[in-house]
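Once you know that position 91 of the sequence shown is 76 in our numbering, the rest is easy, because the numbers rise by one and skip nothing. Some notes on the structure that comes next.
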Amino acid sequence: MEDVTPHDADLLLASHAPAETERIGRRLAAGLSPGLIVLLRGEIGAGKTVLTRGIARGLGVAGRVASPTYTFVAEYPEAVPPLFHMDLYRLLDAGESVAELGFDDYLERGGVVVVEWPAAAAARLPLDRLEVRLEHAGELERSLSFRAFGDAAKAALLDLRGLPEPTA
Ligand SMILES: Nc1ncnc2c1ncn2[C@@H]1O[C@H](COP(=O)(O)OP(=O)(O)OP(=O)(O)O)[C@@H](O)[C@H]1O
Ligand SMILES: [Mg+2]
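Take a look at the structure:
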């Protein structure tokens, strides 16, 4: 991955393979503190779930990590801190609301909350949050731009920027 950060992002990383995006997620996980929410934006197939899988691995999840497209939230209590992975793409079409989902409660549970397609939760998003936009830049290329709002999110990015390249 190379750092090619423009002025409108706090950090911009280029990925050249799914495994590299997953590795970025694993590295990001090391800096995520309990209660932090991470919003993943980007079109279908941009790599939001791949990145989340990396975050999950980094937090100690060994099993399957897939988008909770129909259940909207997947809980990983074995992660440290616990991981709550949401995919709100179908939420409004399914006639559900973030209130019914217990969205605010998840934020209070001391875990890391990762949200794909967060638009449905726009009115309830905390000011402190980490925003990631993933974009296609080729068949195997993706750009990941990060914006940190608040100290916890900024700390997470410092870790991601500062760590040396993994050797394995
Ligand atoms: N550099 C890359 N990083 C991530 N995924 C990549 C990359 N190159 C190719 N891919 C492929 O792109 C797809 C990304 O799928 P993924 O499920 O993560 O997308 P998503 O953003 O979660 O989509 P959705 O909105 O449908 O949930 C996978 O098939 C993956 O193999
Ligand atoms: Mg997904």
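Positions of the beta carbon are idealized from the N, C-alpha and C atoms, including for glycine. Bear in mind that the values here come from a model prediction, so they are computed numbers and not experimental data.
Can you give me the start and stop residues for the beta strand (DSSP E) that residue i sits inside?
{"i": "V23", "result": "22 to 26"}
{"i": "L13", "result": "Premise fails: L13 lies in the alpha helix (DSSP H), 3 to 14, not in any beta strand (DSSP E)."}
How many angstroms separate the CA atom of residue i from the CA atom of residue j?
{"i": "S52", "j": "G16", "result": "22 Å"}
{"i": "V46", "j": "Y61", "result": "7 Å"}
{"i": "G43", "j": "R12", "result": "7 Å"}
{"i": "A158", "j": "D113", "result": "Nothing can be reported for residue 158, as the shown portion of the chain is limited to -14 through 153."}
{"i": "E81", "j": "Y55", "result": "11 Å"}
{"i": "I9", "j": "G32", "result": "11 Å"}
{"i": "E124", "j": "H70", "result": "26 Å"}
{"i": "G27", "j": "D89", "result": "23 Å"}
Would you say residue i reaches chain D, if we count a Cβ-Cβ gap shorter than 8 Å as a contact?
{"i": "V23", "result": "Absent here is chain D; the protein component of the structure consists of one chain."}
Under three-state DSSP, which class holds residue i?
{"i": "E126", "result": "coil"}
{"i": "A47", "result": "coil"}
{"i": "L142", "result": "helix"}
{"i": "A137", "result": "helix"}
{"i": "L17", "result": "coil"}
Let me check you understand the geometry: is the CB of residue i closer than 7 Å to at least one non-hydrogen atom of ligand 1?
{"i": "L76", "result": "no"}
{"i": "V100", "result": "no"}
When you measure from the CB of residue i to every non-hydrogen atom of ligand 4, does any distance come out below 7 Å?
{"i": "T6", "result": "Inclusion of ligand 4 in the displayed structure is not the case, the ligand content consisting of ligand 1 and ligand 2 alone."}
Specify, as a first and last residue, the run of the alpha helix (DSSP H) that residue i falls within.
{"i": "L36", "result": "33 to 43"}
Practice item. Return the chain-ordered ranges of every alpha helix (DSSP H) run that is complete within the segment 71 to 129 and spans a minimum of 4 residues. Key: 83 to 86, 88 to 92
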